[in-house]
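These notes concern the structure reproduced below.
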Amino acid sequence: MVAVNVYEAKTSLSALLARVEKGEEIVIARNGRPVARLVPADASALRRVPGMDKGRIWYADDLHEPLPADAVELFER
């Protein structure tokens, strides 16, 4: 694992990302203290599968009903 300071990370981000793509981990430090870690992204974690949240999201039965007058008044203040 390699540590770089914030300035170096800002000026050579593309080169650091190329190293990370090859499997290297890079720590970004501020004043010598580690703050963040650049690691290869898990491509499978980023993949979206249609229907993966089926049954986890629901809408109230009155979702499309008009708001009560007192609630509308709060928005119009």
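Using the working numbering, you'd call the opening residue of the sequence shown number 253 and step up by one each time. Note that CB positions come from ideal geometry on N, CA and C, so glycine has one too.
| Query | Result |
| --- | --- |
| Segment contact, 8 Å Cβ cut-off, at least three pairs: the segment 253-265 with the segment 279-288 | yes |
| For Val301, the three-state DSSP class (helix, strand or coil) | coil |
| DSSP bridge partner residues for Ile280 (one or two, in chain order) | Val256 and Ala288 |
| Boundaries of the alpha helix (DSSP H) in which Ala270 is found, first to last residue | Leu265 to Glu273 |
| Span of the alpha helix (DSSP H), counted from its first residue to its last, around Asp322 | Ala321 to Phe327 |
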